[in-house]
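*Asks:*
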Amino acid sequence: QVQLVESGGGLVQAGGSLRLSCVASGSIRSTYFMGWYRQAPGKERELVAVAHISGSTNYADSVKGRFTITRDSAKLTVALQMNSLKPEDTAVYYCNVGTLPGTGYWGQGTQVTVSS
Numbered sequence: 089q090v091q092l093v094e095s096g097g098g099l100v101q102a103g104g105s106l107r108l109s110c111v112a113s114g115s116i117r118s119t120y121f122m123g124w125y126r127q128a129p130g131k132e133r134e135l136v137a138v139a140h141i142s143g144s145t146n147y148a149d150s151v152k153g154r155f156t157i158t159r160d161s162a163k164l165t166v167a168l169q170m171n172s173l174k175p176e177d178t179a180v181y182y183c184n185v186g187t188l189p190g191t192g193y194w195g196q197g198t199q200v201t202v203s204s
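Below, the structure is given as structure tokens:
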């Protein structure tokens, strides 16, 4: 059974930082892409950042320069360092592992709330 367990969410003031972590376990068919998505109330889930097994990364324009994604393929972990947080970053953040971005396995989500 595959499990993705996220941690690190919480409440922070605007301008602050949080670090999200995700640990994957089980028989995962593909870990080509490991990434983070978020879903704010009333909005669709959107990509935040993704890291390919080659080391290449991709970020949403709204978080470029503020967020950094890192992965450890051997340990099946992926982290998201979030700096200079803004109220519009408030959302439930989901870890994802799969053959393509947004496919495969999902974590249960962790709430990030940024107060103004």
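Residue numbering for the sequence shown follows my numbering, beginning at 89 and increasing consecutively.
Every residue, glycine too, gets a C-beta built ideally from N, C-alpha and C.
Bear in mind that the values here come from a model prediction, so they are computed numbers and not experimental data.
#1: Do residue 187 and residue 117 count as a contact pair if the criterion is CB distance below 9 Å?
#2: Which residues does DSSP list as the beta-bridge partners of residue 134?
#3: Between the stretch 123 to 130 and the stretch 165 to 179, do at least 3 Cβ pairs fall closer than 8 Å?
#4: With DSSP as the reference, label residue 109 as helix, strand or coil.
#5: Please name the residue in 204, 133 and 162 whose C-alpha comes closest to that of residue 119.
#6: For residue 150, name the three-state secondary structure that DSSP assigns.
#7: Quick check on the DSSP output: the beta strand (DSSP E) that includes residue 203 runs from which residue to which?
#8: Give the single residue among 182, 142, 132 and 156 whose Cα lies nearest to the Cα of residue 105.
#9: Drop a sphere of 10 angstroms on the beta-carbon of residue 130, count the other beta-carbons inside from all chains shown, and report buried for 16 or more, exposed for fewer.
#10: Restricting to runs no shorter than 3 residues, where is the beta strand (DSSP E) found entirely within the stretch 161 to 198?
*Replies:* According to the structure shown:
#1: With a cutoff of 9 Å on beta-carbon distance, residue 117 and residue 187 are scored as near each other.
#2: Per DSSP, the beta bridge partners of residue 134 are 126.
#3: The stretch 123 to 130, when compared against the stretch 165 to 179, does touch it at the 8 Å Cβ threshold.
#4: Assigned with DSSP and collapsed to three states, residue 109 falls in strand.
#5: Closest by alpha carbon: 162.
#6: Under the three-state reduction of DSSP, residue 150 is assigned to helix.
#7: For residue 203, the enclosing beta strand (DSSP E) stretches over residues 198 to 203.
#8: For the options 182, 142, 132 and 156, the alpha carbon positioned closest to that of residue 105 is the one of 156.
#9: The Cβ neighbour count for residue 130, taken over all protein chains shown within 10 Å, is under 16; the residue is labelled exposed.
#10: Those beta strand (DSSP E) runs which fall completely within the stretch 161 to 198 and span 3+ residues are 165 to 170 and 179 to 186.
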